[in-house]
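First comes the structure, then the notes that go with it.
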Amino acid sequence: ISCKFSGNKGFHIGVPFKAFPEKVHNQDVRLLFPDGLKRIAAYLSEIIKKELAKKILNNEDISIIVNKTGKSFNELVKKGEFDPYSILTIDTILISSRHLYRMPYSLHEKSELVSVPIDPKKVLEFDKEYAKPQNVKISKFGFLDVKKVTKGEAKKLIVQAFDFSSKVEEDIDVERRKDYEIKDAMPEKFFPPCIKLISNGLADGRKRSLFILINFLTSLGWGYKEIEEYLKEWNKKNTEQLRENYLLGQLRYHKQQKKKILPSNCNNNMYYVDIGVCKPDNLCSKIKNPVSYSIRKSFFVRKEVKKEK
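In terms of our numbering, the numbers along the sequence shown are unbroken and rise by one, the last being 310.
The structure is reproduced here in structure tokens:
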């Protein structure tokens, strides 16, 4: 395992491909990207869940967490146990064939900090001062260094991840990929508050929001030409526009996949909450995904129209 500071708010964990076996469950591992890694992420998040909850509660009382997060006790505690993922989320956006990660020792354009490799065992000791250009020294720790890898040493990890069966995996591997057959484009008047706020333009979270909008609009019957026009207009409203070739590249990639994928669920803090667009109304408490919101709202409206007739 190798690790490096992302250059801004987190860390990148690297496991070289050579560490994995050639096959798992009679499937070529080389063909399992990104789904295989998402299974591993789901598996790891589940096995660390209890210990993570314990460590968080050792530092903060549940009442303090309620005050700090603005969430209710019932949102944080489920079935009598504190759920650490009610306030933390493992970000899997990097686990995608269309997403790039920052090269070691490159500068982050916003923080102006260096993406420096570090000792994986000393992540908690890391200080951003170490990543200031004037303080950076060539680390003895590399990133994705295949010379220090034994072929197939991560076999147990990937096999256990594929054997693993839990609600976490179901959410990632099934629910978010469920197709919705909607023939006509859903009108904007049925969009949930978070999508409307994103559509007004943003200062931060533009790439995550682009990912949300593409999945949201395709799931609700919008054609790619309509989506392209919508995204171009949306981009003009952003404080700092995304490069048009990046925007169109993401849309083109999605089109090539030839399948509809739901946007992230509402409880994924890395998206709506962190971006600052989670402003729920009364209907939001009854749904788990922005797409469900639009489907429900349009259903209720059609039902009322029929009653009036």
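Glycine residues also receive a C-beta, built at the ideal position from the N, C-alpha and C atoms.
Proximity of P193 and Y294 at Cβ, strictly below 7 angstroms: Position 192 of the sequence shown, counted from the first residue, corresponds to residue 193. Position 293 of the sequence shown, counted from the first residue, corresponds to residue 294. Yes.
Inter-residue CB distance, F74 and A54 (contact presumed, cutoff 8 angstroms): For the purposes of this step, residue 74 is taken as the residue at position 73 of the sequence shown. For the purposes of this step, residue 54 is taken as the residue at position 53 of the sequence shown. Contact doesn't hold; Cβ gap of about 15 angstroms is too wide.
Residue(s) in a DSSP beta bridge with H13: Counted from its first residue, the sequence shown places residue 13 at position 12. K5.
Opening and closing residue of the alpha helix (DSSP H) in which I41 lies: Taking the first residue of the sequence shown as 1, we reach residue 41 at position 40. Looking at the DSSP string, the run of the alpha helix (DSSP H) that includes I41 is 36–48.
Counterpart residues of P118 in DSSP-defined beta bridges: For the purposes of this step, residue 118 is identified with residue 117 of the sequence shown, where counting begins at 1. Bridge partners of P118: K5.
Alpha-carbon spacing of S299 relative to F191, whole angstroms: By 1-based counting over the sequence shown, the position of residue 299 is 298. By 1-based counting over the sequence shown, the position of residue 191 is 190. So the alpha carbons of these two residues sit roughly 6 angstroms apart.
Coil, strand or helix - D275 by DSSP: Residue numbering aside, residue 275 sits at position 274 when the sequence shown is read from its first letter. Three-state DSSP puts D275 in a helix.
Endpoints, the alpha helix (DSSP H) within which L198 is located: Start at 1 with the first residue of the sequence shown, and residue 198 comes out as number 197. Where L198 is concerned, the enclosing alpha helix (DSSP H) stretches over 194–200.
Per-residue burial, T151 [other beta carbons within 10 Å of its own, 16 or more giving buried]: On the sequence shown, position 150 is the one that residue 151 refers to. A residue is called buried when at least 16 other Cβ atoms come within 10 angstroms of its Cβ; T151 does not meet this threshold and is exposed.
Continuous beta strand (DSSP E) assignments of at least 3 residues falling wholly in the segment 114–161: Taken in chain order, the complete beta strand (DSSP E) segments of 3 or more residues contained in the segment 114–161 number zero; there are none.
Distance CB(F12)-CB(F6) smaller than 7 angstroms: On the sequence shown, residue 12 is found 11 positions in, with the first residue counted as 1. On the sequence shown, residue 6 is found 5 positions in, with the first residue counted as 1. Closer than 7 angstroms, so yes.
Range covered by the alpha helix (DSSP H) that runs through H255: For the purposes of this step, residue 255 is taken as the residue at position 254 of the sequence shown. Its alpha helix (DSSP H) spans residues 245–258.
Candidates I119, I213, I41: closest to I139 by CA position: Sequence index remark: in the sequence shown, residue 139 carries index 138 (1-based). If we check each option's Cα against that of I139, I119 comes out closest.
Where F83 falls: helix, strand or coil (DSSP): Taking the sequence shown and counting its residues from 1, the one referred to as residue 83 is at position 82. Looking at F83 - three-state DSSP - the assignment turns out to be strand.
Beta-carbon proximity list for E76, same chain, < 8 angstroms, skipping 5 on both sides: Start at 1 with the first residue of the sequence shown, and residue 76 comes out as number 75. Same-chain partners within the cutoff: S87.
Among G71, H109, H26, F165, nearest to A132 - alpha-carbon criterion: The count along the sequence shown starts at 1 and reaches residue 132 at position 131. The option with the nearest alpha carbon to A132 is H109.
Beta carbon of S200 nearer than 7 angstroms to that of V292: In the sequence shown, the residue the question calls residue 200 occupies position 199. In the sequence shown, the residue the question calls residue 292 occupies position 291. Result no, Cβ atoms of S200 and V292 do not sit closer than 7 angstroms.
For G277 and W235, believed in contact at Cβ under 8 angstroms, the rounded distance: Here the question's residue 235 lines up with position 234 in the sequence shown. Here the question's residue 277 lines up with position 276 in the sequence shown. Rounded, the Cβ-Cβ distance is 16 angstroms, inconsistent with contact.
Alpha carbon of K226 to alpha carbon of I296, nearest angstrom: By one-based count along the sequence shown, residue 226 stands at place 225. By one-based count along the sequence shown, residue 296 stands at place 295. Here the alpha carbons of I296 and K226 stand approximately 22 angstroms from one another.
C-beta atoms of C4 and P121 nearer than 7 angstroms: Taking the sequence shown and counting its residues from 1, one reaches residue 4 at position 3. Taking the sequence shown and counting its residues from 1, one reaches residue 121 at position 120. Result yes, Cβ atoms of C4 and P121 sit closer than 7 angstroms.
When E47, I262, A204 are compared against T240, the one with the closest alpha-carbon: The residue labelled residue 240 in the question sits at position 239 within the sequence shown. The shortest Cα separation from T240 among E47, I262, A204 belongs to A204.
According to DSSP, residues forming a beta bridge with Q242: The residue you call residue 242 lines up with position 241 of the sequence shown. In the DSSP assignment, Q242 forms no beta bridge with any residue.
Assigned exposure category for F18 - 16 Cβ within 10 Å defines buried: Taking the first residue of the sequence shown as position 1, residue 18 is located at position 17. With fewer than 16 other Cβ atoms within 10 Å, it is exposed.
Counted within 10 angstroms of its Cβ, other Cβ atoms place K157 as buried (16 or more) or exposed: Locating residue 157 in the sequence shown gives position 156, counting from the first residue. That one is exposed.
Cβ distance (whole Å) where E229 is taken to contact L252 below 8 angstroms: Here the question's residue 229 lines up with position 228 in the sequence shown. Here the question's residue 252 lines up with position 251 in the sequence shown. 6 angstroms between Cβ atoms; contact.
K141 versus Y106, L125, A162, residue with shortest Cα-Cα distance: In the sequence shown, counting from the first residue as 1, residue 141 sits at position 140. Ranking the options by Cα distance to K141, first place goes to Y106.
Close Cβ partners of V115 (< 7 angstroms) along its chain, the five nearest in sequence each way excluded: Counting from 1 along the sequence shown, the entry for residue 115 is found at position 114. Same-chain partners within the cutoff: G8, Y106, L108, A132, P134, V137.
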